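What follows is one structure encoded as structure tokens, with my remarks underneath.
2 protein chains.
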Amino acid sequence: MTSITTRQWLLNSRPTGAPILDGPDATFSLTTTTLPPLQPNQVLIRVKYISNDPAQRQWISTTVAPERFYLPPLSLGAPMKCSLLGEVVASTSTAFPPSTLVTSALGEWSEHVILDAAVCNPAPAADGGIAPTHFLGALGLTGLAAYYGTAIVAAAKPADTVVVSGAAGATGSMVVQIAKKLLGCARVVGIAGGAAKCAWVKGTLGADECVDYKAASFADDLAAATPDFVDVYFDNVGGEVLDLMLARMKMRGRVAVCGSMATYNAYEDGTRLRNWFEVVAMRLQLTGFVVLDWLHKAPETIAELVRAAQEGKIVLGDENEMVLETAFESKIWENG
Amino acid sequence: MTSITTRQWLLNSRPTGAPILDGPDATFSLTTTTLPPLQPNQVLIRVKYISNDPAQRQWISTTVAPERFYLPPLSLGAPMKCSLLGEVVASTSTAFPPSTLVTSALGEWSEHVILDAAVCNPAPAADGGIAPTHFLGALGLTGLAAYYGTAIVAAAKPADTVVVSGAAGATGSMVVQIAKKLLGCARVVGIAGGAAKCAWVKGTLGADECVDYKAASFADDLAAATPDFVDVYFDNVGGEVLDLMLARMKMRGRVAVCGSMATYNAYEDGTRLRNWFEVVAMRLQLTGFVVLDWLHKAPETIAELVRAAQEGKIVLGDENEMVLETAFESKIWENG
Numbered sequence: 001m002t003s004i005t006t007r008q009w010l011l012n013s014r015p016t017g018a019p020i021l022d023g024p025d026a027t028f029s030l031t032t033t034t035l036p037p038l039q040p041n042q043v044l045i046r047v048k049y050i051s052n053d054p055a056q057r058q059w060i061s062t063t064v065a066p067e068r069f070y071l072p073p074l075s076l077g078a079p080m081k082c083s084l085l086g087e088v089v090a091s092t093s094t095a096f097p098p099s100t101l102v103t104s105a106l107g108e109w110s111e112h113v114i115l116d117a118a119v120c121n122p123a124p125a126a127d128g129g130i131a132p133t134h135f136l137g138a139l140g141l142t143g144l145a146a147y148y149g150t151a152i153v154a155a156a157k158p159a160d161t162v163v164v165s166g167a168a169g170a171t172g173s174m175v176v177q178i179a180k181k182l183l184g185c186a187r188v189v190g191i192a193g194g195a196a197k198c199a200w201v202k203g204t205l206g207a208d209e210c211v212d213y214k215a216a217s218f219a220d221d222l223a224a225a226t227p228d229f230v231d232v233y234f235d236n237v238g239g240e241v242l243d244l245m246l247a248r249m250k251m252r253g254r255v256a257v258c259g260s261m262a263t264y265n266a267y268e269d270g271t272r273l274r275n276w277f278e279v280v281a282m283r284l285q286l287t288g289f290v291v292l293d294w295l296h297k298a299p300e301t302i303a304e305l306v307r308a309a310q311e312g313k314i315v316l317g318d319e320n321e322m323v324l325e326t327a328f329e330s331k332i333w334e335n336g
Numbered sequence: 001m002t003s004i005t006t007r008q009w010l011l012n013s014r015p016t017g018a019p020i021l022d023g024p025d026a027t028f029s030l031t032t033t034t035l036p037p038l039q040p041n042q043v044l045i046r047v048k049y050i051s052n053d054p055a056q057r058q059w060i061s062t063t064v065a066p067e068r069f070y071l072p073p074l075s076l077g078a079p080m081k082c083s084l085l086g087e088v089v090a091s092t093s094t095a096f097p098p099s100t101l102v103t104s105a106l107g108e109w110s111e112h113v114i115l116d117a118a119v120c121n122p123a124p125a126a127d128g129g130i131a132p133t134h135f136l137g138a139l140g141l142t143g144l145a146a147y148y149g150t151a152i153v154a155a156a157k158p159a160d161t162v163v164v165s166g167a168a169g170a171t172g173s174m175v176v177q178i179a180k181k182l183l184g185c186a187r188v189v190g191i192a193g194g195a196a197k198c199a200w201v202k203g204t205l206g207a208d209e210c211v212d213y214k215a216a217s218f219a220d221d222l223a224a225a226t227p228d229f230v231d232v233y234f235d236n237v238g239g240e241v242l243d244l245m246l247a248r249m250k251m252r253g254r255v256a257v258c259g260s261m262a263t264y265n266a267y268e269d270g271t272r273l274r275n276w277f278e279v280v281a282m283r284l285q286l287t288g289f290v291v292l293d294w295l296h297k298a299p300e301t302i303a304e305l306v307r308a309a310q311e312g313k314i315v316l317g318d319e320n321e322m323v324l325e326t327a328f329e330s331k332i333w334e335n336g
């Protein structure tokens, strides 16, 4: 095998607010490096797609102490981590011969990457309206987070009213559909930013209602959309939306805490909860979770989601664009 | 029965910050009123002791909507509610003849009060170092809240490290002892305000450590007192202490949310949680609770606590003074 050079994005600087695109403090820097020879049971992958998820914002800088974070922290100067989908172009693994399509949750923002075969999976067959990229989103970690958070952590039941924030995003769009179409929840309400996203959440995903958090009337709209209050809140955003939602929960309501996008770029502000006493008065339960805890169930869950998509029960949106918009934009490229 | 007049404190104005002692906006006003004749199955009580608990601050004004509060809201102009201990001086109930000592969780800040016999209980025998007033505190609602929050909501186990805020208060002082002496928790750490309270929590109540939240070094002291992190946090105060504690919890730690005293007089500030993402990263579970949900177990629990006190396992402090200091001061009187 000839020596391979690749371009890759490195973590150059830890942002304290929004990621910085240019200049000496730019969050990422583009470099070209020569990859080492393959060790046994490794694959060289030509990357076709990389993921850009809200969770990645926490990987590059977070107020959580490194030893308390759910993954080893990304070092300064290291290639940015991501999920990827790519084609094996060289291999010392019998499991993944050249030309195999693979996915991995331990990819990098690189054109070529060397991974241990143990952290790769064969890319599932993509047909019946399913695109390979869906395995980086709706059928990847974000979709799985939606599934476990809704079905297990919050234990949504058919009689329940479910609200999800970030409803047009990678995770939220699946929560809406898992709650409404797979679990048969009585009422599902999305929260999203802007009329276009709200129309998509209602019209395409099938939410009973979707409330625009950018509207001046948001608090009133949210109350109007939840007249009988809420059994389950799937929280992707934290911040003011969480605060308002605490006052919309039913007695013994459950909050699945998946993320707090509203504060990733504003640590010092924190999440200010004027309605915190609602937790006491209404006996609420808030439970944080990380999708990695259920990866042993992932194959069966992905199979269930694929089947639901092929039967037309759920829609697998091209949600990456929306995720980029809500989390951070950077000069990454598509190498497809 | 001759007509009885009584002095009583009425709710005159709902405070938005600290209760107001004087002037036209005073939170409470003293009045004299004539009580009506007894209806069947009622008692006229000469009040000996009334309670003044942190929870009462929420009864007189709270940001929680009235229909979402755990008790009917106290109306303006109504007598202030409390727990009481008093002596029956007239009765139309065979259960409570005159000269019976009774307690009730539905008392009033009045010298005399008429209550339905159904909401009264015979005052338990007070001996072996137990004073009647303990049934308004350590052996009343605050002590029961400590018990159910620690043993049931947080489900503290012998191997656990338990931290409690407001550790010198009515509830917290019992949490310390229930965790350490009754449940046998491995390590119990209190948080209290000032060296004197901390010394009492350690020396008298038996906490392994007590951290002074008023010290400039509080955050460092709290970390030093919890070197192996925390399984259970019993939260009486919310606010900054809760924020710091989120970063001291172990993986899958449990927070029993009993109150948020830090914000009762400062609604607009709310509880600002910079460490909210710890809930996700460490898979924390926060559960709000109200002691009223377990009143059916109260007789057996009080009997257990009385036994523990008589055996010298736990100390029943005169915690009312501390509660007054932390919650609010008003011109109430002792009529004993």
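Protein chains in written order, with the UniProt record's numbering: chain Z, 1 to 336; chain H, 1 to 336.
The beta carbon of each residue, even a glycine, is placed where N, CA and C say it ideally should be.
If you're wondering where the values come from, they're calculated on a predicted model, not measured in any experiment.
Along the stretch 260 to 274 of chain Z, where does the CB come closer than 9 Å to a CB of chain H? Name the residues. SER260, THR263, TYR264, TYR267, GLU268, ASP269, GLY270, THR271, ARG272, LEU273 and ARG274
Using beta carbons (cut-off 8 Å, strictly below), is GLN285(Z) in contact with chain H? yes
In this structure, how does DSSP classify ARG307(Z) when only helix, strand and coil are distinguished? helix
Whole angstroms is fine: what's the gap from VAL315(H)'s alpha carbon to ALA146(H)'s? 14 Å
Using alpha carbons as the reference points, say which of GLY149(H), GLU278(H), GLN42(H) and VAL255(H) lies closest to SER260(Z). GLU278(H)
With a cut-off of 8 Å, does the C-beta of THR16(H) fall near any C-beta of chain Z? no
Taking DSSP as the reference, what is the three-state secondary structure of MET245(H)? helix
Between the Cα of VAL164(H) and the Cα atoms of THR133(H), ASP25(H) and THR226(H), which residue gives the shortest distance? THR226(H)
For a minimum of 4 consecutive residues, which ranges assigned as the alpha helix (DSSP H) are wholly contained in the UniProt domain "Alcohol dehydrogenase-like C-terminal" (171 to 305) of chain Z? 195 to 203, 218 to 225, 239 to 246 and 278 to 281
Test item: CB-CB of SER75(Z) and GLN42(Z) under 8 Å: no
Within the same chain, show all residues whose beta-carbon is closer than 7 Å to that of ASP269(H), passing over the 5 residues directly before and after it, in chain order. THR263
Skipping 5 residues on each side, what residues in its chain have a beta carbon closer than 6 Å to that of ARG254(H)? ALA154, VAL232 and GLN285
Closest residue to PRO158(Z) among SER110(Z), VAL230(Z), LEU115(Z) and GLY288(Z) (Cα-Cα distance): VAL230(Z)
Extract the residue ranges of the alpha helix (DSSP H) inside the UniProt domain "Oxidoreductase N-terminal" (7 to 118) of chain H, only unbroken runs of 4 or more that lie entirely within it. 55 to 60
Answer yes or no: do PRO15(Z) and ILE60(Z) have a C-beta to C-beta separation smaller than 8 Å? yes
What residues in its chain sit with their C-beta under 7 Å from that of THR204(H), if we drop five residues either side in the sequence? VAL315
Determine contact between the stretch 122 to 134 of chain H and the stretch 84 to 100 of chain H, defined as no fewer than three beta-carbon pairs at a distance below 8 Å. yes
Can at least three beta-carbon pairs, one atom from the stretch 31 to 40 of chain Z and one from the stretch 238 to 246 of chain Z, be found at a separation below 8 Å? no
Anything in chain H within Cβ reach of ARG57(Z), meaning under 7 Å, just list it in chain order. Correct list: empty, because the minimum Cβ distance to chain H is about 11 Å.
Any beta carbon of chain H sitting closer than 8 Å to that of PHE289(Z)? yes
Any non-hydrogen atom of the ligand ZN within 7 Å of MET261(H) CB: This structure lacks the ligand ZN, and indeed carries no ligand of any kind.
Just mark VAL47(Z) as buried or exposed, buried being the case when its beta carbon has 16 or more other beta carbons within 10 Å. buried
Name the two residues that bound the continuous alpha helix (DSSP H) containing THR142(H). 141 to 148
Within chain Z, the residues that CYS185(H) reaches when beta carbons sit closer than 7 Å: Near CYS185(H) there are no residues of chain Z at all, since even the closest Cβ is about 22 Å away, more than 7 Å.
Span separating the alpha-carbon of GLY190(Z) from that of LEU242(Z): 13 Å
When the distance is taken between beta carbons, is ASN236(Z) closer than 8 Å to GLY169(Z)? yes
Sort out for me which residues DSSP pairs PRO122(H) with in a bridge. VAL102(H)
Using a cut-off of 7 Å between C-beta atoms, extract the partners of GLY238(H) located in chain Z. TRP276
Would GLY194(H) pass as a contact of ASP220(H) if the rule is Cβ separation under 8 Å? no
Taking only beta-carbon positions, decide if MET68(Z) is within less than 8 Å of chain H. Checking the sequence shown, residue 68(Z) turns out to be Arg, not Met. So, interface residue.
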